[in-house]
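*Asks:* Residue numbers (this note's numbering): 3 to 356.
A virtual CB, placed ideally from N, CA and C, is assigned to each residue, including glycine.
The structure follows.
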Amino acid sequence: MSAVSLTSREHQPRHDWRREEVLALFALPFTELLYRAGTVHRRHFDPAQVQVSTLLSVKTGGCPEDCAYCPQAQRYHTGVEAQKLMSTEAVLEKARQAKAAGASRFCMGAAWRSPKDRDIPKVAEMIAGVKALGLETCATLGMLSGEQATALKAAGLDYYNHNIDTAPDFYGEIIHTREFQDRLDTLSHVRDAGMKTCCGGIVGMGESREQRAGLLQALATLPAHPDSVPINRLVEVAGTPLGDRHTSAELDPFEFVRTIAVARILMPKSMVRLSAGRESMSDELQALCFAAGANSIFYGEKLLTTGNPDTERDMGLFARLGLVPMPVEVDADGHDHAGTVHASISAAPEAALA
Ligand code: SAM
Ligand code: DTB
Ligand code: SF4
């Protein structure tokens with residue numbers, strides 16, 4: 003493939019990307035890469051629309067895993083206190099607030115290696131309650147067995163978030179308590195249960211460009227492209243191994259934008275989510291990410307344990323850039339939620355432009 007010409011092969015999603023092809027995209031002149039990503043983006047999406055998700059940590063901290071980036075790992079001293087699973091009513095109250103604030107998808111996160119079977123009915127109750135509010139449901143609970151995935155799907159879970167996090171050849175430097183293959187196994191259980199997958203990774207962990215290309219190649223060569231692809235920029239949290247590095251390894255912002263653009267080209271029909279790390283990004287950097295094909299964000303002042311831009315800033319950014327929240331798709335059962343959400347995000351433009 004020529005790195006600088008738009009080929010007809012790019013019109014259909016491919017699942018056979020080779021590492022050197024991905025690297026050739028990374029190496030394009032910046033404006034050419036953005037042009038190509040923007041062209042692919044417009045083939046499948048309205049570039050003015052951004053999907054809006056809100057996150058809630060339903061079970062915080064105390065995790066037995068050793069992910070070197072994570073403030074919720076029990077073994078690091080990050081100031082995050084371990085908490086029990088929230089009550090369903092408390093979760094539903096947060097979901098109502100998220101809906102009123104304009105989110106269309108509500109993602110529940112738990113700091114588990116994997117849920118215990120006895121946790122599943124409690125989480126299933128939360129999922130059913132959130133779904134009944136007319137929100138799309140997403141959960142990220144760690145590794146799942148096939149039976150657990152089936153039970154969550156039956157409760158009304160639309161999406162399961164399970165990131166591969168980094169390239170297979172860098173994984174062992176970041177996480178030692180599970181294998182890359184464990185992640186692939188869970189993703190396969192999620193797909194087999196009929197749920198949509200949300201799967202991405204983190205950049206800025208000291209990986210090379212080759213390894214960033216490896217992360218995107220691994221995502222784009224899964225048996226099905228993930229429906230959502232969160233691209234997280236590392237949030238450096240003191241107390242974690244990556245937060246306490248002595249050498250500053252901050253990723254060049256243009257390299258971050260390149261990562262978004264290549265994700266868009268490789269997975270043309272997926273929602274590419276500009277995920278963790280937005281709080282410390284300028285509005286201009288975020289605008290470049292949207293121009294590169296990002297079309298989803300987390301909205302609301304907190305991610306799981308770390309900060310996210312406040313909603314006024316995001317409303318203002320949407321208005322200044324002419325972005326609007328993406329309407330919710332029609333459910334498999336034919337129920338269309340469009341128009342029932344987003345009120346407060348779309349009400350903002352005049353105020354933000356003043
Ligand atoms: N425990 C479950 C798991 O690991 O799959 C679910 C929750 S875990 C916190 C979800 C994702 O958050 C991780 O896969 C990682 O991509 C992201 N994440 C965690 N800490 C982060 C950080 N400091 N910066 C950026 N992303 C982070
Ligand atoms: C994802 O890829 N990013 C979100 C969500 N999926 C669960 C989590 C980001 C977490 C950032 C660190 C924190 O807030 O604890
Ligand atoms: Fe645990 Fe998930 Fe954090 Fe890893 S990323 S330590 S599995 S909560």
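Decide if the segment 209-225 is in contact with the segment 260-268; the criterion is three or more beta carbon pairs, one per stretch, under 8 Å apart.
*Replies:* yes
*Asks:* Below 8 Å CB to CB, which residues in the same chain sit around Arg98 once its five sequence neighbours on both sides are set aside?
*Replies:* Leu135
*Asks:* Taking DSSP as the reference, what is the three-state secondary structure of Ile262?
*Replies:* helix
*Asks:* Which residue's Cα is closest to the Cα of Asp316: Thr90, Pro170 and Gly104?
*Replies:* Gly104
*Asks:* If we require 4 or more residues per run, which alpha helix (DSSP H) segments fall completely within the segment 41-99?
*Replies:* none
*Asks:* For Ser116 and Gln53, what's the separation of their Cα atoms in angstroms?
*Replies:* 28 Å
*Asks:* Quick one: residues in its chain with C-beta nearer than 6 Å to the C-beta of Arg107, no 5 flanking neighbours on either side, listed in chain order?
*Replies:* Ser55, Glu138 and Cys140
*Asks:* What is the rounded straight-line gap between the Cα of Ala293 and the Cα of Thr41?
*Replies:* So the two alpha carbons sit approximately 10 Å from each other.
*Asks:* Who are Val237's beta bridge partners in DSSP?
*Replies:* DSSP lists no partner for Val237.
*Asks:* Roughly how many angstroms lie between the CA atoms of Ala39 and Ala50, to the nearest whole one?
*Replies:* 15 Å
*Asks:* Just the Cα atoms here: how many angstroms apart are Thr142 and Ile233?
*Replies:* 15 Å
*Asks:* Using 8 Å as the threshold, is the C-beta distance between Met273 and Val239 below it?
*Replies:* no
*Asks:* Please state if the CB of Glu281 and the CB of Pro311 are separated by a distance shorter than 8 Å.
*Replies:* yes
*Asks:* Suppose contacts are defined by Cβ-Cβ distances below 8 Å. Is Glu58 in contact with Lys96 by that definition?
*Replies:* Correcting the residue identity first, residue 58 is Leu in this sequence and not Glu. Yes; because the gap between Cβ atoms is below 8 Å, this pair is in contact.
*Asks:* Just curious, the beta strand (DSSP E) that Cys140 is in, first and last residue?
*Replies:* Counting along the chain, the beta strand (DSSP E) containing Cys140 begins and ends at Glu138 to Thr142.
*Asks:* Can we count Pro329 as close to the ligand ADP, meaning its CB is less than 7 Å from some heavy atom?
*Replies:* With respect to the ligand ADP, the structure offers nothing, as its ligand set consists of the ligand SAM, the ligand DTB and the ligand SF4.
*Asks:* Within 10 angstroms of the Cβ of Pro327, are there 16 or more other Cβ atoms? Answer buried if so, exposed if not.
*Replies:* buried
*Asks:* How about Val192 and His164: are their beta carbons less than 8 Å apart?
*Replies:* yes
*Asks:* In the DSSP assignment, find the unbroken beta strand (DSSP E) run with Cys291 in it and report its ends.
*Replies:* Looking at the DSSP string, Cys291 is not in any beta strand (DSSP E); the run it does join, the alpha helix (DSSP H), is Asp285 to Ala293.
*Asks:* Between Asp48, Leu35 and Ala113, which lies nearest to Pro329 when the distance is taken from Cα to Cα?
*Replies:* Asp48
*Asks:* Taking just the CA atoms, how far does Phe32 sit from Leu217?
*Replies:* 20 Å
*Asks:* Along the chain, where does the beta strand (DSSP E) that runs through Ile299 open and close?
*Replies:* If you look at Ile299, you'll find it in the beta strand (DSSP E) that goes Ser298 to Phe300.
*Asks:* List the DSSP bridge partners of Phe2.
*Replies:* Examination of residue 2 is not possible in this model, given that the chain is present from 3 through 356 alone.
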